[in-house]
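**Student:** Throughout the sequence shown, residue numbering follows the UniProt record's numbering, covering 1 to 247 in sequence. Don't be surprised by glycine CBs; every beta carbon is placed ideally from N, CA and C. It should be emphasised that the depicted structure is a prediction, and the values quoted were computed from it without experimental measurement.
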Amino acid sequence: MEISFREYIFFLSLKSSHSLLIDKTIIKESSFFVNRKQTEYLWFDTELKFFYSAYMKEKNEQRRQDILDATVQMINAEGLGGITMTKVAKKAAISQSNIYIYFENKEDLVKQAFLSRKQKMSDYLFAHFNAQASALDNLALFARALYQFAADNPEDADLIQQFQAAPIMATLDLSQDEAGMRFDDIVAALDKGIESGEIRSIDPRVILAMGTNTLLSYERMVRLHQVDPVTTPLSVVIEMILTGCAN
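Encoded structure:
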């Protein structure tokens, strides 16, 4: 099936991954060419005697990441209530209209900022988790990895902690899986520990939620010099968590 170039451009304009801008200028002679470098399409309408120029704005993953980074920084600095598309665009150094190439609205932007950081943390913990001999050893390894993630990625850790406590979580149209922190490997290890009697009969999700909040809060207090890690080391905090879970 053959289609005209005009139909092709119209088809591309409907794709979610493109934004189409068209302008027209009267010219005297017909012409057509494609500038691949600038993703610019030019053609001449012989009937209307108009010269059309179509610019396809491709999604750029780095630009999307820049927008998310700016959003995370603003949420941590001003809170969720201070976020507007205009402010984010200014901080990311792009035009406000370009944000809508990547995100439908403010709610979608905020939601994707949270999900991207949650996924980053999940990937980190998965990469640093190796099954240990006992459930308590598994929990201790998880705790050390979580603390290290927060220390290496403080902005991400602060955002996750803020979202977990913020009422806006209920307004973001998040599924249960999206809203929760999924640590399948450690949950399975804790389940085995409960079955063997090593761990108290507590829902593993409760153990992980309380442990995660404790460790993220501890890392933040150390970072802000509110707690001395020499007199109150990480090992003591982890031991406190393990003692509360041990049978």
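Quick check on the DSSP output: what are the complete alpha helix (DSSP H) runs of length 4 or more inside the region 118-154, in order along the chain?
**Tutor:** The qualifying runs are 135-152.
**Student:** With distances taken between CB atoms, is the gap from Tyr147 to Leu234 smaller than 7 Å?
**Tutor:** Start at 1 with the first residue of the sequence shown, and residue 147 comes out as number 147. Start at 1 with the first residue of the sequence shown, and residue 234 comes out as number 234. Their beta carbons are under 7 Å apart, which means Tyr147 touches Leu234 by this criterion.
**Student:** Where does the unbroken alpha helix (DSSP H) through Leu215 begin, and where does it stop?
**Tutor:** Position 215 of the sequence shown, counted from the start, is the residue given in the question as residue 215. Note, Leu215: alpha helix (DSSP H), 204-223.
**Student:** Report yes if the C-beta distance between Thr84 and Gln96 is below 7 Å; otherwise report no.
**Tutor:** As a first step, residue 84 is located in the sequence shown; it is residue number 84 there, counting from the start. As a first step, residue 96 is located in the sequence shown; it is residue number 96 there, counting from the start. For Thr84 and Gln96, no; Cβs fall outside 7 Å.
**Student:** Look at the alpha carbon of Leu80 and the alpha carbon of Phe163, and state the distance between them as a whole number of angstroms.
**Tutor:** Here residue 80 corresponds to residue number 80 of the sequence shown, with the count starting at 1. Here residue 163 corresponds to residue number 163 of the sequence shown, with the count starting at 1. When rounded, the distance between both Cα atoms is 9 Å.
**Student:** Between the Cα of Val237 and those of Gly211, Ala113, Lys192, spot the shortest distance and give me the residue it belongs to.
**Tutor:** Mapped onto the sequence shown, residue 237 falls at position 237. Measuring from the Cα of Val237, the nearest candidate turns out to be Gly211.
**Student:** Within the continuous alpha helix (DSSP H) that includes Asp66, where are the two ends?
**Tutor:** Within the sequence shown, numbered from 1, the residue matching residue 66 stands at position 66. Here the alpha helix (DSSP H) through Asp66 covers 61-78.
**Student:** Residues in its own chain within less than 7 Å of Ala93 by CB, not counting five upstream and five downstream?
**Tutor:** Translated into positions along the sequence shown, residue 93 becomes position 93. Closer than 7 Å at the Cβ level, and outside the excluded window around Ala93, lies no residue.
**Student:** Hey, Ala145 and Glu219 are a contact pair by Cβ (cut 8 Å); roughly how many whole angstroms apart?
**Tutor:** For the purposes of this step, residue 145 is identified with residue 145 of the sequence shown, where counting begins at 1. For the purposes of this step, residue 219 is identified with residue 219 of the sequence shown, where counting begins at 1. Going by Cβ atoms, the distance from Ala145 to Glu219 rounds to 12 Å, so no, they are not a contact pair.
**Student:** Which residue or residues does DSSP assign as beta-bridge partners of Ile199?
**Tutor:** Counting from 1 along the sequence shown, the entry for residue 199 is found at position 199. Ala246, per the DSSP bridge assignment.
**Student:** Helix, strand or coil: which one does DSSP assign to Ala93?
**Tutor:** Within the sequence shown, residue 93 is the residue found at index 93, counting from 1. Note: Ala93 maps to coil in three-state DSSP.
**Student:** Consult DSSP for Asn105 and reduce its assignment to one of helix, strand or coil.
**Tutor:** Translated into the one-based positions of the sequence shown, residue 105 becomes position 105. If DSSP states are grouped into helix, strand and coil, Asn105 belongs with coil.
**Student:** Can the beta-carbon of Arg200 be found less than 7 Å from the beta-carbon of Asn247?
**Tutor:** By one-based count along the sequence shown, residue 200 stands at place 200. By one-based count along the sequence shown, residue 247 stands at place 247. Yes, these two residues count as a Cβ contact at 7 Å.
**Student:** Could you give the DSSP three-state label for Ile238: helix, strand or coil?
**Tutor:** In the sequence shown, counting from the first residue as 1, residue 238 sits at position 238. DSSP places Ile238 in helix when its eight states are reduced to three.
**Student:** Take Val88 and list the residues in its own chain whose beta-carbon comes closer than 8 Å to its own, dropping the five residues that flank it on each side.
**Tutor:** Translated into the one-based positions of the sequence shown, residue 88 becomes position 88. The residues are Ile67, Ala70, Thr71, Met74, Ile99, Leu109.
**Student:** Quick one: grab the DSSP three-state call for Asp191.
**Tutor:** Here residue 191 refers to the residue found at position 191 when the sequence shown is read from its first residue. If DSSP states are grouped into helix, strand and coil, Asp191 belongs with the helices.
**Student:** Tell whether a beta-carbon distance below 7 Å holds between Val230 and Met221.
**Tutor:** Against the sequence shown, residue 230 aligns to sequence position 230. Against the sequence shown, residue 221 aligns to sequence position 221. Result no, Cβ atoms of Val230 and Met221 do not sit closer than 7 Å.
**Student:** Near Gln161, which residues of its chain fall below 6 Å by C-beta distance, leaving aside the five closest residues on each side in sequence?
**Tutor:** Counting from one through the sequence shown, the residue named residue 161 turns up at place 161. Here the set comprises Leu216.
**Student:** Work out the CA separation of Gly82 and Asp203 for me, nearest whole Å.
**Tutor:** As a working note, residue 203 is residue 203 in the sequence shown. As a working note, residue 82 is residue 82 in the sequence shown. Spanning the two alpha carbons is a distance of roughly 36 Å.
**Student:** How would you label residue 326, buried or exposed, when you count the other beta carbons within 10 angstroms and need 16 or more for buried?
**Tutor:** For residue 326 there is no data in the structure shown, the boundaries of the chain being 1 and 247.
**Student:** Can you check whether the CB of Phe103 is closer than 7 Å to the CB of Tyr124?
**Tutor:** As a working mapping, residue 124 is identified with position 124 in the sequence shown. As a working mapping, residue 103 is identified with position 103 in the sequence shown. Contact flag unset, no.
**Student:** In the structure shown, what three-state DSSP assignment does Asp158 receive?
**Tutor:** Counted from its first residue, the sequence shown places residue 158 at position 158. Correct three-state label for Asp158: helix.
**Student:** Taking the C-alpha atoms as reference points, what is the distance between Ser116 and His225?
**Tutor:** Numbered from its first residue, the sequence shown carries residue 116 at position 116. Numbered from its first residue, the sequence shown carries residue 225 at position 225. Near 28 Å, if we compare the C-alpha coordinates of His225 and Ser116.
**Student:** Counting only the same chain and skipping the five closest in sequence on each side, list residues whose C-beta sits under 6 Å from that of Glu61.
**Tutor:** The residue labelled residue 61 in the question sits at position 61 within the sequence shown. Around Glu61: no qualifying Cβ.
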